[in-house]
Amino acid sequence: MSDIATITAAPIGSFTAEVFAAHLASLGDAPAWWLERKRAAYATFASLPLPTRTNEGWRFSNLSGLQLAGFKVERVDPNGQLLASPFGPAQLNFINNTTVGDGAGARAELAARGVLVTTLSAALQSHPDLIREHFMAQPQKLGSEKFAALHAAFVSDGAFIYVPRGVEVPAPIVITHAASGSGTAVFPHTLVIAEENSKATVVDHFVSVSDIPHSALRTPQFACGANDLYAGHGAQLTYLAAQNWSRDTLSFQFNSTVVRRDARVQSLNLHLGGRQARHESHSQLQAPGAFSEMLALTVADGEQEFDQRTLQIHQAPNTKSDLLYKNALRDRTRTIFSGLIVVDSDAQKTDAYQSNRNLMLSDDAEASSLPGLEIQANDVRCTHGATSSRLDPGQEFYLQSRGIPKAAADELLTFGFFEEVLSRLASEPLHDALHQLIKTKFKQ
Amino acid sequence: MPPTDTLSLPAADTAMANPVAGIDQSSGNFSYPQNYEFDAGTGLSENTVRYISEVKKEAPWILEFRLNALKKFLAMPMPTHWATKDLENINFDKIRYYLSQGQKPKRTWDEVPDDIKKTFERLGIPEQERKFLSGVEAQFDSEAAYSNIKDLVAKQGVIFANSTEALREHPEIFRKFFGKVIPTGDNKFSALNSAVFSGGSFIYVPKGVKVAQPLQAYFRINAENFGQFERTLIIADEGSEVVYMEGCTAPKFSTSTLHSAVVELVALKGAKIQYITVQNWANNVFNLVTKRGVAHEEAEIKWIDCNIGSRLTMKYPGVVLKGRKARGEVLSIALANDGQHQDTGAKMIHAADETTSNIVAKSISVGQGRSTYRGIVHIPRHLKGCRNNTECDALLINTNSRTDTYPAITVRGDRNATQHEASVSKVNEEMIFYMQSRGLTEGQAMSLAVNGFINDLARQFPMEYSVELKRLIDLEMEGSVG
Numbered sequence: 000m001s002d003i004a005t006i007t008a009a010p011i012g013s014f015t016a017e018v019f020a021a022h023l024a025s026l027g028d029a030p031a032w033w034l035e036r037k038r039a040a041y042a043t044f045a046s047l048p049l050p051t052r053t054n055e056g057w058r059f060s061n062l063s064g065l066q067l068a069g070f071k072v073e074r075v076d077p078n079g080q081l082l083a084s085p086f087g088p089a090q091l092n093f094i095n096n097t098t099v100g101d102g103a104g105a106r107a108e109l110a111a112r113g114v115l116v117t118t119l120s121a122a123l124q125s126h127p128d129l130i131r132e133h134f135m136a137q138p139q140k141l142g143s144e145k146f147a148a149l150h151a152a153f154v155s156d157g158a159f160i161y162v163p164r165g166v167e168v169p170a171p172i173v174i175t176h177a178a179s180g181s182g183t184a185v186f187p188h189t190l191v192i193a194e195e196n197s198k199a200t201v202v203d204h205f206v207s208v209s210d211i212p213h214s215a216l217r218t219p220q221f222a223c224g225a226n227d228l229y230a231g232h233g234a235q236l237t238y239l240a241a242q243n244w245s246r247d248t249l250s251f252q253f254n255s256t257v258v259r260r261d262a263r264v265q266s267l268n269l270h271l272g273g274r275q276a277r278h279e280s281h282s283q284l285q286a287p288g289a290f291s292e293m294l295a296l297t298v299a300d301g302e303q304e305f306d307q308r309t310l311q312i313h314q315a316p317n318t319k320s321d322l323l324y325k326n327a328l329r330d331r332t333r334t335i336f337s338g339l340i341v342v343d344s345d346a347q348k349t350d351a352y353q354s355n356r357n358l359m360l361s362d363d364a365e366a367s368s369l370p371g372l373e374i375q376a377n378d379v380r381c382t383h384g385a386t387s388s389r390l391d392p393g394q395e396f397y398l399q400s401r402g403i404p405k406a407a408a409d410e411l412l413t414f415g416f417f418e419e420v421l422s423r424l425a426s427e428p429l430h431d432a433l434h435q436l437i438k439t440k441f442k443q
Numbered sequence: 000m001p002p003t004d005t006l007s008l009p010a011a012d013t014a015m016a017n018p019v020a021g022i023d024q025s026s027g028n029f030s031y032p033q034n035y036e037f038d039a040g041t042g043l044s045e046n047t048v049r050y051i052s053e054v055k056k057e058a059p060w061i062l063e064f065r066l067n068a069l070k071k072f073l074a075m076p077m078p079t080h081w082a083t084k085d086l087e088n089i090n091f092d093k094i095r096y097y098l099s100q101g102q103k104p105k106r107t108w109d110e111v112p113d114d115i116k117k118t119f120e121r122l123g124i125p126e127q128e129r130k131f132l133s134g135v136e137a138q139f140d141s142e143a144a145y146s147n148i149k150d151l152v153a154k155q156g157v158i159f160a161n162s163t164e165a166l167r168e169h170p171e172i173f174r175k176f177f178g179k180v181i182p183t184g185d186n187k188f189s190a191l192n193s194a195v196f197s198g199g200s201f202i203y204v205p206k207g208v209k210v211a212q213p214l215q216a217y218f219r220i221n222a223e224n225f226g227q228f229e230r231t232l233i234i235a236d237e238g239s240e241v242v243y244m245e246g247c248t249a250p251k252f253s254t255s256t257l258h259s260a261v262v263e264l265v266a267l268k269g270a271k272i273q274y275i276t277v278q279n280w281a282n283n284v285f286n287l288v289t290k291r292g293v294a295h296e297e298a299e300i301k302w303i304d305c306n307i308g309s310r311l312t313m314k315y316p317g318v319v320l321k322g323r324k325a326r327g328e329v330l331s332i333a334l335a336n337d338g339q340h341q342d343t344g345a346k347m348i349h350a351a352d353e354t355t356s357n358i359v360a361k362s363i364s365v366g367q368g369r370s371t372y373r374g375i376v377h378i379p380r381h382l383k384g385c386r387n388n389t390e391c392d393a394l395l396i397n398t399n400s401r402t403d404t405y406p407a408i409t410v411r412g413d414r415n416a417t418q419h420e421a422s423v424s425k426v427n428e429e430m431i432f433y434m435q436s437r438g439l440t441e442g443q444a445m446s447l448a449v450n451g452f453i454n455d456l457a458r459q460f461p462m463e464y465s466v467e468l469k470r471l472i473d474l475e476m477e478g479s480v481g
């Protein structure tokens with residue numbers, strides 16, 4: 000009885016015990032340990048309170064926007080249409096947590112080289128040990144324990160990507176995660192394991208679809224996704240996430256990156272959609288030579304709020320991290336960047352950088368920056384910078400003096416602002432696809 | 000050499016062993032007969048507050064102010080959701096909240112530990128002051144100097160008094176601003192101060208008066224300036240200028256383990272206030288201070304804040320930029336040695352157009368010392384032409400030294416600009432090697448490098464302060480290498 004009392008004490012919104020039981024029942028032949036894990040996650044979710052004002056991890060966030068009521072965990076797709084991905088044909092397509100369509104041809108080609116691109120539900124049967132080892136294995140440290148537990152409780156499917164030792168995959172592996180229908184709750188997951196000296200690029204594309212034409216942007220939805228990236232010794236992993244949920248979506252994304260000896264992970268998150276979108280990213284540099292490059296671009300308009308929290312954890316000597324988060328704020332938007340570089344006492348020779356740049360494009364926008372450092376080793380080079388300002392009037396004037404109208408000049412300068420992040424991508428097609436997505440949003 | 004806050008030599012309070020870093024807090028333990036004739040006893044209650052107010056013969060409104068503050072203090076939680084848990088080690092029941100004038104504890108010169116005498120020697124502190132600073136003499140014969148400066152500035156119409164005197168004799172000037180810059184309930188420790196404050200300086204500078212010489216709390220040592228709960232209020236009327244110095248580079252061996260001051264500055268239109276602090280308490284002291292100024296149109300407030308001593312200092316001088324073109328500045332140096340946590344920073348609240356602020360913070364962590372920078376820069380909506388520049392640099396000397404940086408910057412609108420930069424580094428090995436190759440010892444080389452690190456800030460200090468600061472750093476750096 001006391002369990003029920005504690006469970007009902009914390010707000011759970013639409014994600015009731017009945018809904019959870021129905022979700023478990025829908026999973027079919029999932030292994031017992033997986034179900035057990037999900038039950039534990041649900042208990043955690045249900046017992047934790049919502050964040051409050053005194054919670055440092057939620058400083059400046061709009062707490063009243065974190066309503067969990069009014070959503071349904073839908074596994075059917077009322078729409079059925081597959082969207083063409085701007086990143087080329089997708090190997091895996093999910094709509095409302097269910098795999099649809101056919102990327103089998105492309106997957107078979109990769110499978111011949113030992114590269115597995117499959118669903119999480121299939122991998123639970125074929126590679127349970129890898130999932131046990133890597134699925135949400137790292138602690139959540141940035142304030143969203145409750146919502147990460149919600150994800151672990153309700154995740155029903157996702158992408159599982161395994162690149163074996165020494166294999167290089169030249170073309171990007173593209174996954175589309177779509178949410179369809181009003182009030183739908185989705186729990187997308189992508190798990191990437193890049194073994195020793197392998198090389199791969201993975202793209203997650205998150206998008207809302209609607210059966211009513213032109214209304215996809217205005218569909219209230221709930222998205223609570225996570226990804227686990229593991230780069231073994233000497234592996235090189237590029238991860239791209241383009242978040243383009245509807246403008247009425249409450250979105251959470253949790254990232255955990257583990258970088259082993261001499262491995263390199265480059266991640267780039269593009270944030271376009273959502274009413275209120277929170278992104279938490281943990282990079283753990285666990286062995287000498289590890290390098291994590293963390294990039295993000297946010298284009299905010301209307302009344303969107305983007306809340307980004309990051310951790311760069313240096314756990315071993317001679318590791319490097321480089322973070323660049325850029326936000327462009329229009330209209331009445333709000334952005335929050337809170338980053339922390341943590342250098343453990345034995346992580347000497349750490350080289351860590353953290354930079355947050357906010358471009359203020361409106362007099363009603365608000366940007367908050369909390370760039371933090373916690374350093375316990377002395378032989379380090381750690382710097383951070385944060386700026387907030389408008390476009391440079393001198394540059395505007397120069398372009399105008401060359402006959403370019405002000406509106407066009409501002410657009411050029413704004414895209415110049417984004418280019419600093421986009422140009423870090425080695426792949427030109429991916430660069431262009433992201434550029435196009437940003438442009439589409441700007442024209443809306 | 001001026002006084003107030005103080006250096007990190009081992010001093011002690013056996014009742015409050017410092018769990019940090021396994022430092023022997025019992026070394027240099029002072030003991031002396033405690034013959035308080037007129038004190039408020041230990042612990043804090045309404046009676047304590049009434050007693051203090053009665054001894055000071057205060058007006059009823061002040062008593063009411065104190066009692067209201069006490070309620071707030073008791074109701075407010077410790078801010079440990081963001082601050083260090085070390086605060087929980089403060090035992091409020093064991094603290095003496097008020098000792099009346101002239102009832103300071105005494106000890107003999109022979110009881111003063113040798114290392115402290117040596118420190119005085121090294122800093123070149125005059126004999127007379129040494130006795131006062133080490134607690135041998137409760138009174139320091141600076142009456143002549145104090146009355147001189149007081150008479151001198153009085154000719155210009157400047158009021159320079161302690162809090163009790165000022166509130167009694169000039170309520171028409173001070174009441175209007177007292178407790179307005181820092182409301183009683185601003186934080187738990189400002190509430191505590193408001194309940195039990197005594198000592199400190201109240202200064203009023205009339206319109207257009209430029210006070211030529213810096214006013215120093217040092218001149219008023221015998222007027223209970225070293226109180227645990229100082230209250231300072233400086234009002235610079237339109238177009239006036241004043242520099243105030245608080246503290247002393249020499250170590251101050253306090254008999255109390257909690258010091259909680261409130262300092263309020265008001266710079267009216269076009270006025271300039273510069274407030275200089277050198278804090279060097281013994282390292283068993285919790286130093287929890289609230290400092291804030293309001294700068295009106297075209298006024299300027301500059302805090303120069305140097306923290307070397309104490310066990311835990313929490314202090315974030317702030318400026319509320321209330322009038323157009325007001326300017327705020329915080330220059331801060333913190334040095335944290337074994338067993339110390341310097342949790343310092345700055346707050347800049349922009350509340351008018353074209354206001355500018357600048358924060359430069361440098362910290363040095365030695366041994367297992369920990370230094371923390373916390374900052375707030377806030378530019379709310381619909382202001383234009385506001386600018387902030389923040390630079391935080393941390394230097395880590397030993398492998399187990401620690402530093403943290405937690406700034407928060409909020410900017411609204413596209414007509415303002417902020418920039419923040421921070422860096423953490425260690426002393427350049429090549430630099431040390433070069434200096435050693437020229438015959439300096441490693442310690443000397445390290446001292447020189449550290450002095451170089453803070454040089455551009457130290458230069459802004461008055462001459463005698465920066466000279467003493469250099470000597471202090473030399474002392475602190477001893478034994479940190481090799």
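As they're listed, the protein sequences go chains A and B. Take the first sequence: its position 410, counted from the start at 1, is 409 in numbering that gives the first Met the number 0, and no numbers get skipped. Take the second sequence: its position 146, counted from the start at 1, is 145 in numbering that gives the first Met the number 0, and no numbers get skipped. A virtual CB, placed ideally from N, CA and C, is assigned to each residue, including glycine. These numbers come from a predicted model, not from an experiment.
- In its own chain, which residues sit with a C-beta less than 6 Å from the C-beta of B/Ala235, not counting the 5 before and 5 after it? Stepping through the second sequence from its first residue, residue 235 of chain B is reached at position 236. Excluding positions up to five away in sequence, the list reads Val204, Val241, Ala266, Ala270 and Ile272.
- What number of angstroms, rounded off, separates the C-alpha of A/Phe440 from the C-alpha of A/Phe146? As a first step, residue 440 of chain A is located in the first sequence; it is residue number 441 there, counting from the start. As a first step, residue 146 of chain A is located in the first sequence; it is residue number 147 there, counting from the start. This sequence places Lys at residue 440 of chain A; Phe is not what is there. Cα to Cα, the separation comes out at about 28 Å.
- Could you confirm whether any beta carbon from chain D is found closer than 7 Å to the beta carbon of A/Thr318? The displayed structure is made up of protein chains A and B, and chain D is not among them.
- Ignoring anything shorter than 3 residues or poking outside the stretch 285–341 of chain B, list the beta strand (DSSP E) runs there in chain order. 285–294, 299–306, 311–314, 317–320 and 326–335
- Task: Quick one: grab the DSSP three-state call for A/Pro370.
- Result: Here the question's residue 370 of chain A lines up with position 371 in the first sequence. Of the three classes helix, strand and coil, the one that applies to A/Pro370 here is strand, per DSSP.
- Any idea what DSSP makes of A/Asp321, helix, strand or coil? The sequence position of residue 321 of chain A within the first sequence is 322, counting from 1. Note: A/Asp321 maps to strand in three-state DSSP.
- Message: In the DSSP assignment, the alpha helix (DSSP H) including A/Lys440 goes from what residue to what residue?
- Response: Within the first sequence, the letter at position 441 stands for residue 440 of chain A. Per DSSP, A/Lys440 is one residue of the alpha helix (DSSP H) stretching across Glu427 to Lys442.
- Closer than 7 Å, Cβ to Cβ, to anything on chain B: give me those residues from the stretch 377–397 of chain A, in chain order. Asn377, Asp378, Val379, Arg380, Cys381, Thr382, His383, Gly384, Ala385, Thr386, Ser387, Ser388 and Arg389
- Within the stretch 365–443 of chain B, note down every full alpha helix (DSSP H) run reaching 4 residues or more, in order along the chain. 428–436
- Message: Using beta carbons (cut-off 7 Å, strictly below), is B/His419 in contact with chain A?
- Response: As a working note, residue 419 of chain B is residue 420 in the second sequence. Contact of B/His419 with chain A is assigned, a C-beta pair being separated by under 7 Å.
- Query: Under the rule that 16 or more other beta-carbon atoms within 10 Å means buried, what is B/Asp92, buried or exposed?
  - Reply: The residue given as residue 92 of chain B occupies position 93 in the second sequence. Per the 10 Å Cβ criterion, exposed.
- Task: For A/Ile374, return the contacting residues in chain B, with the cut-off set at a CB-CB distance below 8 Å.
- Result: Mapped onto the first sequence, residue 374 of chain A falls at position 375. Result: Ala393, Leu395, Arg401, Thr402, Asp403 and Val423.
- Query: Alpha carbon to alpha carbon, how far is A/Ile403 from A/Gln435?
  - Reply: Numbered from its first residue, the first sequence carries residue 403 of chain A at position 404. Numbered from its first residue, the first sequence carries residue 435 of chain A at position 436. If I take the Cα positions, the gap works out to 22 Å.
- Item | First through last residue of the alpha helix (DSSP H) which encompasses A/Arg36 | Numbered from its first residue, the first sequence carries residue 36 of chain A at position 37. Note, A/Arg36: alpha helix (DSSP H), Ala31 to Ser46.
- Message: Taking 6 Å as the limit between beta carbons, can you name the residues of its chain near A/Gly224, skipping five residues before and five after?
- Response: Counting from one through the first sequence, the residue named residue 224 of chain A turns up at place 225. Cβ within range, chain order: Pro187 and Gln252.
- Query: Quick one: any contact between the stretch 113–122 of chain A and the stretch 83–101 of chain A, if contact means 3 or more CB pairs under 8 Å?
  - Reply: yes
- Query: Is A/His232 helix, strand or coil when you go by DSSP?
  - Reply: On the first sequence, residue 232 of chain A is found 233 positions in, with the first residue counted as 1. In this structure, DSSP gives A/His232 a state outside helix and strand, which the three-state scheme calls coil.
- Query: Is there at least one Cβ from chain B nearer than 7 Å to A/Glu55's Cβ?
  - Reply: In the first sequence, the residue the question calls residue 55 of chain A occupies position 56. By this cut-off, A/Glu55 is an interface position.
- Query: For A/Lys71, which of helix, strand or coil comes out of DSSP?
  - Reply: Counting from 1 along the first sequence, the entry for residue 71 of chain A is found at position 72. If DSSP states are grouped into helix, strand and coil, A/Lys71 belongs with the strands.
- Item | Straight-line Cα distance separating B/Tyr243 from B/Leu8 | Here residue 8 of chain B refers to the residue found at position 9 of the second sequence. Here residue 243 of chain B refers to the residue found at position 244 of the second sequence. At B/Leu8 the pLDDT is 34, less than 50, meaning the model places this residue with poor confidence and gives no usable figure here.
- Residue(s) in a DSSP beta bridge with A/Ser344: Start at 1 with the first residue of the first sequence, and residue 344 of chain A comes out as number 345. Per DSSP, none; premise fails for A/Ser344.
- Message: Taking 6 Å as the limit between beta carbons, can you name the residues of its chain near B/Lys314, skipping five residues before and five after?
- Response: Your numbering for residue 314 of chain B matches position 315 in the second sequence. Counting only Cβ-Cβ distances below 6 Å, and skipping sequence neighbours, we find Val288 and Thr343.
- Message: Tell me the rounded alpha-carbon separation between B/Thr5 and B/Met434.
- Response: Residue 5 of chain B sits at position 6 when you count from the first residue of the second sequence. Residue 434 of chain B sits at position 435 when you count from the first residue of the second sequence. Any reading at B/Thr5 must be qualified, since the residue scores a pLDDT of 36, below 50, and its modelled position is unreliable; the value itself is stated next. Using only the alpha carbons, I get a separation of about 31 Å.
- Message: Pull the bridge partners of A/Phe290 from the DSSP assignment, please.
- Response: Taking the first residue of the first sequence as position 1, residue 290 of chain A is located at position 291. A/Phe290 pairs with A/Arg263 and A/Lys319.
- Query: Can you list the residues of chain B that A/Phe59 reaches, using a CB-CB cut of under 9 Å?
  - Reply: Counted from its first residue, the first sequence places residue 59 of chain A at position 60. At a C-beta separation below 9 Å, A/Phe59 has these neighbours in chain B: Ala407 and Thr409.
- Identify the contact partners of B/Asp236 in chain A, using a Cβ-Cβ distance below 7 Å as the criterion. What you label residue 236 of chain B is simply residue 237 of the second sequence in a count that begins at 1. Simply none; closest approach about 35 Å.
- Query: Considering only residues of the same chain and omitting the five flanking positions on each side of A/Glu194, which have a CB-CB separation below 7 Å?
  - Reply: To locate residue 194 of chain A, count along the first sequence from 1; it is residue 195. Excluding residues within five positions, the ones whose Cβ falls inside 7 Å are Val162, Pro163, Arg164, Gly231 and Ala234.
- With DSSP as the reference, label B/Asp212 as helix, strand or coil. Locating residue 212 of chain B in the second sequence gives position 213, counting from the first residue. Strictly speaking, residue 212 of chain B in this sequence is Gln, with Asp absent from that position. It is coil, neither helix nor strand.
- Message: Within 7 Å of any Cβ in chain B, is that where the Cβ of A/Ala295 sits?
- Response: Taking the first sequence and counting its residues from 1, the one referred to as residue 295 of chain A is at position 296. No, no contact with chain B.
- Message: Let me confirm a value: B/His381 is counted as buried when at least 16 other C-beta atoms fall within 10 Å, else exposed. Which label applies?
- Response: In the second sequence, residue 381 of chain B corresponds to position 382, counting from 1. Exposed, because fewer than 16 other Cβ atoms sit within 10 Å of the Cβ of B/His381.
- Message: Quick check: B/Lys206 and B/Glu237, are their CB atoms within less than 7 Å of each other?
- Response: By 1-based counting over the second sequence, the position of residue 206 of chain B is 207. By 1-based counting over the second sequence, the position of residue 237 of chain B is 238. It is a contact, given that the beta carbons lie within the stated cut-off.
- Task: Have a look at B/Thr83 and A/Arg401 and give me their C-alpha separation to the nearest angstrom.
- Result: Here residue 83 of chain B is taken as the residue at index 84 of the second sequence, counted from 1. Here residue 401 of chain A is taken as the residue at index 402 of the first sequence, counted from 1. About 56 Å.
- Query: With DSSP run on the structure shown, which of helix, strand or coil describes B/Ser49?
  - Reply: Start at 1 with the first residue of the second sequence, and residue 49 of chain B comes out as number 50. The sequence as given places Arg at residue 49 of chain B; Ser does not occur at that position. Here B/Arg49 sits in helix by DSSP.
- Task: Kindly list the residues whose CB is nearer than 6 Å to the CB of A/Glu292, restricted to its own chain and excluding five residues on each side of it in sequence; keep chain order.
- Result: Counted from its first residue, the first sequence places residue 292 of chain A at position 293. The residues are Gln265 and Asp321.
- So the alpha helix (DSSP H) B/Thr354 belongs to, where does it begin and stop? For the purposes of this step, residue 354 of chain B is taken as the residue at position 355 of the second sequence. No alpha helix (DSSP H) holds B/Thr354; DSSP gives it neither H nor E.
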